[in-house]
Amino acid sequence: MSLQQISITTIIYFAILFSFAFYALSRRKAGRSIVSNPHIYSLTLAVYCTSWTYYGSVGRAATTGLDFLTIYLGPTLICFSWWFLLRKIIIISKQQNIVSIADFISSRYGKSTYLGSIVTIFAVLGIVPYIALQLKAIAYTFNLLAGLPEKTSSPLQSIVPFSPQFIDTTFIVALILAVFCILFGAMRLDSTEHHEGLMAVVALESIVKLFAFLVIGIFVTYGLFDGFIDIFSQFSALFPDKQHLLLIPAECGSGARWFSMTFMSMMAIMFLPRQFHVMVIENSDHNHIRTAMWAFPTYLFLLNLFVLPIALGGIITFNGDTTLADYYVLSLPLAAGQNALAVMVFIGGFSAAAGMVMLESVASATMVLNNLIMPIILRCNFKMADISGLLLNIKRVAIVSIIYLGYFYYRTLGESAALINIGLISFMAATQFAPALLGGLYWNRATHRGAATGLILGFVLWFYTLIVPTFIDTGWIPLSVMTEGPLGIESLRPTALFYLNTLDIWSHSLFWTMFFNLGSFLAVSILTTPSASEVDQALLFVDVSTWKQAPQNRTRISKAPTIMEFVDLMTKFIGEKQANSAISSYLGDREIDEKGSLSEFEIPDLKLFTEKTLAASVGAAAARIIIENYLSARGSKMEDIFNIFGTVSLSRDASREQLTVLYEAAHTVSSGSDLDSIFNNILDLLYRQFRFDLCVIRIYNDQDNTLDVRNFRGIDTDFLSHANREINEETCIGTTYIHNKVVLANDSDCVNKPISMEIIRQEGIKSFAHAPITVEGQPIGVLSSYSRYAKGIYTDEFIELYKNLAAQIGIAWRNANQTMQLIEASEQEKELRIAELIQLGLLPDKMPALAKHDIAAICVPAKQIGGDYYDFIIEPPEFDIVVADVSGHNIGAALLMAEARTFIQARARQLSSPTAILDALNRFLHDDLTKAELFITMFYLQYDFEKNRITYANAGHNHPLILRHSDNSFEELDAEGLILGIHTDVTFEEQFSQLHPGDILVIYTDGIVETENNNEEMFGMDQLKNAILDNALLSAQEIIDQTMSLARMFQGRRHFNDDVTMVVLKIDA
Amino acid sequence: MSNESTTQQRQIWLIFFFLGVVMLNFPFLQIFNRVETFLGIPLLVIYLFFGWPISIAVVYIFTRTIEDDDSDHSSEVD
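Encoded structure:
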């Protein structure tokens, strides 16, 4: 075939790939992705089958036999675990915005930068020969097809005569692949955005290569031969000496080799950078695994179905010449003159190689950018506002570099090694990631030092046991190293390390790399302690199912950046549009406070979000460095929240510590000590337990309308511990009191009240909090605490405790106030007792002894001090009786009563008549009564006991009764007169009456007649009259006693509601 | 899916995984590693090319028993 034909065919195929990629992208933009589909996902996984599979399987089958199958049986077996293992990896990667396998491992071990770099370097070293292998396959088959000599320097020279010498087929192929990768793999920076175009191409290529291989298989089996049985029987008939190809050699070690290759391919399918990329990073839905678990092994099975027939057919066709067995697939149709079929096979092989090169280079470029270049860029500290464009270009350069690294490897080394060997070397490299990755996925205790040691030792051994022998093959290293060991040290022979010479090269390498890798990973992990960030990440990886319940944030940011500052930071690395859409999706469901910013404890979340968003572009390790550099540049620091509860972990045991403190506080409050010592004890508790520099209790002073310092503990300064605060919003304390809520500043730099700022600055306060002290919900003061050393100590949990302490202080205050009131009450009681005694002393201490007269009186005050009064003034032949009732039962009433008594006692004898006395008394008391808003009813009776004649006057008092002995009838003594204390000029009517022997005069106050029972009925005049009538024959005292007991029985209680006074005068019959 | 059935499912997976590893490795393969042929095709080739689709069929049958996992962080992942 001519060069032009093949070139044109290849270019047409490229055009188809390009248009298909664009089609996929346009479908995606329309929201109908063709790639997000479990079958397409399974097909993209088939990027595992490279030209190494396509050509190399046949080569290996023709030369070493059946063990080529292990490369496909391994993946089939590991598929069993995918629903658990792969799904876990995918879920974690999505949660963490993981972009590569290096990112995954670095993320797991605390976003360690150097671990990411190690993985990247080893991954690139491991896959460069593999890329070289693909380029070699494309170039070789191209030349084979075009009939060019194997070592043709440049097919281009036939077209462009002056093109440089080094430009050969491979160079051009590499160039085209690089352009393709850049177009579909590095259009944007955000790697978690799926490369749909690239994936569509890979899936299409998978179909093409399977189709081509099946067609050639069927052609060989049924075209050149007569089916499977024919090939096998011809082969066994013609080449009895090659029968071992269809058996596993019985020699020692072949079982080990079989196992080693199965194991390596199991690890390779998971951890080759491109496999990790298609399986994990490009996965759009982890449920796709379910289909891939059987679809992918089926693909492998179909691809391998015709490997043996083609290999055996090749051996038969080429008479047992296996030197070019790797290319039987192509040379068989060529030999049969089927050029079109050969071109199709070439396109299939080209697809296999191109897919691998593109994905491997994109995946590796992402790792190189994120884990090698980013850390360097970040150290350089570019001042550009937006370096996302620069990063994208670096990624593009990285893609080209990796492809050309493969090209140079091919040019210098690739000619010598067989395809199959190069592939297995890469597999072994990928296997080295297994301990760190799988261990990190299931073992909490794995540390970054363990992972790094394991990886480094694994790769050193890998290099020594696999790469060094390759170098020996090319003659770079003398053969003696292989046979006698380096410097003649026999135990260090690369393929028989420590005299282990019974194993094949793969088992030997697998054993020693895993021995050192896994061994040191376990040992160092056990011997070292993980850092805090590592512990956090381990939790997210190992317990992916429970990570949402991760312990609450225990950090804060001092001088925290605002939301806009975070947006600017993101803009720098991912461009303005992406930064804006990211932040709006983040803020969508969050509460924003009045200042348009997030609460202090939300800021660390925002920081994490920013870091994760950046991680999607630049990888976890670089994102961490970006954030840290940024924060430290602006003087902000991530600080662990000062664990105010001591050494115990905040989340689990805080409640116990809280209870202890509250218990002590409550104990103090209930101790019964005086208020000052209670306050001091609580302050001391705060001060001592939480190491504040100052704790102050201020109590509201209603006279000055200020909050006055009542107690303090700690530094003694004029501004804080002695300063009273006015009630206004100028200070934080005033605000606390006015709004009755906690005001705190975890970072005193953020305080915006000028007066508070000034004080804080002068005193060097770092953080403080004020809680209102309340009694029944009303603030009575403020509890303050200040720290000069720690910021961010006021966590939500501590504030809860703090509020509780303030409440305890409130309780203590209330208790103390109640005690004060009790004391006051009891002192008042004492005074009342005295007043009572005095008042009782004012009443006549004994009844006047008057011949033929029986006199008795009683005065029962309702309270200790009564408002009733009676008195006798004897001035023979006259005998005056006064009964009065002052409204009210208080001391004021008692004093007025005493005043009235004094007046009467002093003036009664000088004044001639009751009217005159009442009139004088009214004038005398009027002002005092008006001032005290009291009044007095009074009945004044003058009795001439010789003539038995009474003269009386009444000042609004109850009408006394006379029980006439003659007819047992009652007579009310009525006389006009206003109560005392209303007007000064009152006319009192004077009335007269005659008493006869046997008559009973009863003077009383309203207390007796107005005695109420539970049905609100009054004792009333009728019952009083009955009582007197019934007991008319008894003595005066007995009449009183009986009446009183009747009244008590009536009301059902012993105690009267009003003062009760009765005076009974009985004239002996 | 209940936790119990998930655990059981995982154990069945694990058993089949190890069964597969054993049956496609030495010394098990030695049983078929003989010169004898069946219909002209060596026994080992027959065994591998029939055993392989059977193992795929086992995976297929089991994937039919799994329900879609709609959560972002399922408890079944461990």
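Chains as they are written, first to last, in the working numbering: chain A, 1 to 1069; chain B, 10001 to 10078. Each residue gets a CB set at the ideal place from its N, CA and C atoms; glycine is no exception.
- Sorting M1062(A), A622(A), Q821(A) by C-alpha distance to the C-alpha of T113(A) places A622(A) at the top.
- What M293(A) touches in chain B, judged by beta-carbon distance under 7 Å, is V10059, T10063, going in chain order.
- In this structure, the beta-carbon distance from T447(A) to S525(A) falls below 7 Å.
- P876(A) carries a coil assignment under DSSP once its states are collapsed to helix, strand and coil.
- Taking the Cα positions, F232(A) is about 6 Å away from I10041(B).
- At a cut-off of 7 Å between C-beta atoms, F301(A) counts as an interface residue with respect to chain B.
- Rounded to the nearest angstrom, the gap between the Cα atoms of G223(A) and L66(A) is 24 Å.
- Within the region 733-815 of chain A, the complete beta strand (DSSP E) segments at least 3 residues long are 743-745, 767-775, 778-787, listed from N- to C-terminus.
- Excluding its 5 nearest sequence neighbours in each direction, S33(A) has C-beta neighbours in its own chain below 7 Å: R27, E196, listed in chain order.
- Under the DSSP assignment, S966(A) falls outside any alpha helix (DSSP H); it carries neither an H nor an E label.
- Ranking A398(A), D845(A), L334(A), W813(A) by CA distance to the CA of M358(A) puts A398(A) first.
- For Q4(A), the enclosing alpha helix (DSSP H) covers residues 3-29.
- Assigned with DSSP and collapsed to three states, H508(A) falls in helix.
- Counting only Cβ-Cβ distances below 7 Å, W476(A) has no contacts in chain B at all, with the closest Cβ about 35 Å away.
- Judged by DSSP in its simplified three-state form, L1065(A) adopts strand.
- Counting only residues of its own chain and dropping the five nearest sequence neighbours on each side, G185(A) has a CB closer than 7 Å to the CB of H195, L198, M358, V362, I399.
- C-alpha of A790(A) to C-alpha of E797(A): approximately 17 Å in a straight line.
- Boundaries of the alpha helix (DSSP H) harbouring V215(A): 196-218, taken from the DSSP string.
- Within the same chain, Cβ atoms closer than 7 Å to the Cβ of T717(A) are found at E763, the five residues on either side in sequence being excluded.
- Contact between F306(A) and F213(A) holds: their C-beta atoms lie close to 7 Å from each other, under 8 Å.
- For V10021(B), the nearest CB of chain A lies under 7 Å from its own CB, placing it at the interface with that chain.
- Cα atoms of L925(A) and E990(A): separation of roughly 20 Å, rounded to the nearest angstrom.
- Distance check between L457(A) and each of T431(A), L500(A), T513(A) places T513(A) closest, using alpha-carbon atoms only.
- Between the region 252-272 of chain A and the region 498-514 of chain A there are three or more inter-stretch CB-CB distances shorter than 8 Å, so the stretches are counted as touching.
- DSSP places R1048(A) in the helix class (H, G or I) of the three-state scheme.
- Between F427(A) and chain B, the shortest Cβ-Cβ separation is not below 7 Å.
- Inclusion of Y72(A) and L300(A) in the CB contact set at 7 Å is warranted, their separation being smaller than that value.
- If you ignore the 5 residues before and after I759(A), its C-beta comes within less than 6 Å of the C-beta of F719, all in its own chain and listed in chain order.
- When beta bridges are read from the DSSP output, C695(A) appears opposite R713(A), S785(A).
- Within the same chain, and ignoring the five residues on either side of H244(A) in sequence, the residues whose Cβ sits closer than 7 Å to its Cβ are G65.
- Chain B has no Cβ within less than 7 Å of the Cβ of R257(A).
- The alpha-carbon of W82(A) is positioned some 7 Å away from that of I289(A).
- Under the three-state reduction of DSSP, L961(A) is assigned to strand.
- At a cut-off of 7 Å between C-beta atoms, L10043(B) does not count as an interface residue with respect to chain A.
- Contact annotation for I10056(B) against chain A: T76, W294, P297, T298, F301 [CB-CB distance below 8 Å, chain order].
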